[in-house]
Amino acid sequence: MLVAIAIGIEVVVVSKMLRHLLNVVVIAMAAVFSFAIAPGAAHAADTGAITVDGTVATRYDAYQLLSATVVDDADTDQKIATDVTWANDAVRQAVLPVLHDAGLDSTVSTAQVAAEWMNADGHMTTALAAKLARAICNTGAVSVALKAGTAAELPCGYWLIVADDGAVAQNEAGTAPIMALVGGSAVAVKPKAATPKVAKHVLEDSAAAWQKAADATVADDLYWRLSATVPAGLTAYDTYAVQFVDTMSAGLDPSKVAASMRVYVAAGADGGFDAVACEGGNASSAPAKGWTDITSQCKVSVEGNAFIVRTGDLIAALGGADAFTAGARVVAVYNAPLNSACNHGIAKGNPNEVYLRYPRSPLAGQSGDAGFTRTPSDDACAYTWGLSLIKRSSSDDKPLAGAKLRIIDDRGRILTTDGSWSTDADACVTTGADGHVELTGVDADVYTVEEVAAPKGYTAFEGKRTVTVTAEGLDVKQVAAAKPKVTVSVESPLRVDTADAGTGLIELSVLNTPSKEVSRGFMPSTGDRTLVLVAVLAAIGVAAIVAALVIKRGGGRREK
């Protein structure tokens, strides 16, 4: 009886223990089977670390293309993706047409096969990544924000990383979209983006060369050149336009800008910017070999002393993406003379500044200004000088009024009374009460001075005298380094009194000799050379008579 009771108790105890053990086993197996049946659901929440380098932009957007189970293959040092599925149906509908156009079999719709095709050599190009990114963005897909330089956790799978256009600052550019396989070991993405460059030059007529600095005469044509370099390798763009934004100082005349503007493009980021030929101070409008005139495809808007040149699509202008792959050079040439309000000398000069707007990224819209960022500014500068000729007495430096002078520049033009230059051969200027004649705002060059009539009581110099003004130090790499030096040389009776490069003031004296008095108080009229000749002949005649009398008397004494 006791034995039976003992056996019964043992059986009951054992039965309870078996039931507990069975329950544990069932729960464990249920868990195992649940993982085995739905591996995708188990790994969908798995994440991987990704860090985007911050040398191109400060923020990025990540769009998931495909979900996958991702592991590292130690043998190949690569990641292996399995159980690949579309991130969602909207992505599938947006992406498949792009892949089919790129060469994926049109019957394929599964994520696994699409992933294998994209991983094949040569399929995932920069251009294709950009097309995929545009397609996904157009669906309104939700992105994950990534901060450059900071690690983030993303669900495992294939992701497209694009720059946040709002975070692309000056002199930055959003990189082409990057495809990244996230999962397993941490992923580091290092975007690379090259940015356009801009430069400005002005045409120096004495050398017929584009320089950072030049000097010119007020109102004479003065040509400026804007040049942009678009780097090679921008294959993610389907269109690409740039904008020159130019701001002129108050000393420059914008009235000729729009009518004179010519824009040219050439393929390749390497090479010069001699889009047009130059002769003296003039720039031809005909494009040089290798350049295409795209002026008709551009828009020029002028507002005050500023203007914008908007190009059309440079890819189309060059004939397609293949030519644009090597980059491009864009040149704009226009005429903006110095005006009467310009600064003289080097202290301030007359600067002219430009910067270039270019697309923020391959995904940024280019229909308005919001899709563009900009380069740093570059500048060039125009200088001019002021010549003051002062008629003076050679005896006491007293200023003389009433002198009539003919002043001719190197182009054969003659200075007029209103300060302008004329081709009228009879034009001349007359010195005022202070003896001054002003040449306001002139180029460094050779000038010829003739005296048509001297002031009363003075003798005019005969022939022509030259004034040579030379400006050195204009051919520099940057305007800030320009320290032009002005030297002046003249022919007598002209004299250099002042040559100040800082103020641009050059003062010259034109000396006149007082006419000599003759016997009996006779004084020929100023500049009357006939009367002077008569007086001289009369003096010679008197001298001859006196000499004859002396000789005659001397001879008579010897006879005695």
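Numbering (our numbering), first residue to last: 71 to 630. Ideal Cβ placement from N, Cα and C applies to all residues, glycine included.
Asked: In whole angstroms, what separates the C-alpha of V558 from that of V519?; Found: 14 Å
Asked: In three-state terms, what does DSSP make of R430?; Found: coil
Asked: Which one of W455, V141 and R565 has the shortest CA to CA distance from A514?; Found: W455
Asked: Which term fits P446, buried or exposed, when burial requires 16 or more other beta carbons within 10 angstroms of its beta carbon?; Found: exposed
Asked: In the segment 219-288, which residue ranges form an unbroken beta strand (DSSP E) of at least 3 residues, counting only runs that do not cross its ends?; Found: 222-225, 227-233, 248-252, 257-259, 267-274, 279-281 and 283-285
Asked: Can you say whether D142 is buried or exposed, counting buried as having 16 or more other CB atoms within 10 angstroms of its CB?; Found: exposed
Asked: Quick check on G118: buried or exposed, where buried means 16 or more other Cβ atoms within 10 Å of its Cβ?; Found: buried
Asked: If I follow the unbroken beta strand (DSSP E) through I120, where does it start and stop?; Found: T117 to V122
Asked: W187 by DSSP, collapsed to three states: which one?; Found: helix
Asked: Under 8 Å by Cβ, that's how I've got A284 and A550 pegged, so tell me the actual separation to the nearest angstrom.; Found: Not confirmed; about 16 Å, so no contact.
Asked: Whole angstroms are fine: how far does the CA of R380 sit from the CA of M331?; Found: 12 Å
Asked: Taking only runs of the beta strand (DSSP E) that begin and end inside the segment 451-483, which ones reach a length of at least 3 residues, in chain order?; Found: 455-463 and 474-478
Asked: How many angstroms separate the CA atom of L174 from the CA atom of K282?; Found: 53 Å
Asked: What residue range is occupied by the uninterrupted beta strand (DSSP E) comprising C348?; Found: V346 to E349
Asked: Could you tell me whether the segment 144-160 touches the segment 249-257, using the rule of 3 or more Cβ pairs below 8 Å?; Found: yes
Asked: Cα separation between D145 and L224?; Found: 25 Å
Asked: Assuming A222 contacts V161 under a Cβ cut-off of 8 Å, what Cβ separation, rounded to an integer in Å, is found between them?; Found: Going by Cβ atoms, the distance from A222 to V161 rounds to 20 Å, so no, they are not a contact pair.
Asked: Between the Cα of I248 and the Cα atoms of P301, S179, Y133 and G441, which residue gives the shortest distance?; Found: Y133
Asked: Where in the segment 482-528 do unbroken runs of the beta strand (DSSP E), each at least 3 residues long, occur, reported from the N-terminal end onward?; Found: 506-512 and 516-523
Asked: Take every Cβ of the segment 190-198, pair it with every Cβ of the segment 212-220, and state whether three or more of those distances are shorter than 8 Å.; Found: no
Asked: Terminal residues of the continuous alpha helix (DSSP H) containing A387?; Found: L384 to A387
Asked: Throw me the rounded Cβ distance for the V372 and A328 pair, which I believe falls under 8 Å.; Found: 5 Å
Asked: Within 8 Å, do at least three Cβ pairs link the segment 294-308 to the segment 378-395?; Found: yes
Asked: Do you know how far the Cα of N582 is from the Cα of V315?; Found: 53 Å
Asked: Let's test the definition: count the other Cβ atoms within 10 Å of the Cβ of V499 and tell me whether it reaches 16, buried, or not, exposed.; Found: buried
Asked: Looking at the secondary structure, which residues open and close the alpha helix (DSSP H) in which A197 lies?; Found: T196 to N208
Asked: With DSSP collapsed to three states, give me the class of T128.; Found: coil
Asked: Anyone know if the C-beta pair for V178 and A205 falls short of 8 Å?; Found: no
Asked: Taking all protein chains shown into account, do 16 or more other C-beta atoms lie within 10 angstroms of the C-beta of S137, making it buried, or fewer, making it exposed?; Found: buried
Asked: CA-CA distance, A497 and D449?; Found: 39 Å
Asked: So L384 packs on V268, CB below 8 Å; how close in whole Å?; Found: No, L384 and V268 are not in contact; Cβ-Cβ is about 14 Å, not under 8 Å.
Asked: Is it buried or exposed, S325, if we count other Cβ atoms within 10 angstroms and call 16 or more buried?; Found: exposed
Asked: By Cβ distance below 6 Å, which residues in the same chain neighbour K474 in space, the five residues on each side in sequence not counted?; Found: C498, T500, V522 and A523
Asked: For L509, which residues from the same chain have a beta carbon less than 6 Å from its beta carbon, with the 5 sequence-adjacent residues on both sides left out?; Found: L457
Asked: Beta carbon of L32, beta carbon of D235: below 8 Å?; Found: Any question about residue 32 goes unanswered here, given that the chain covers just 71 to 630.
Asked: Work out the CA separation of T287 and R481 for me, nearest whole Å.; Found: 11 Å
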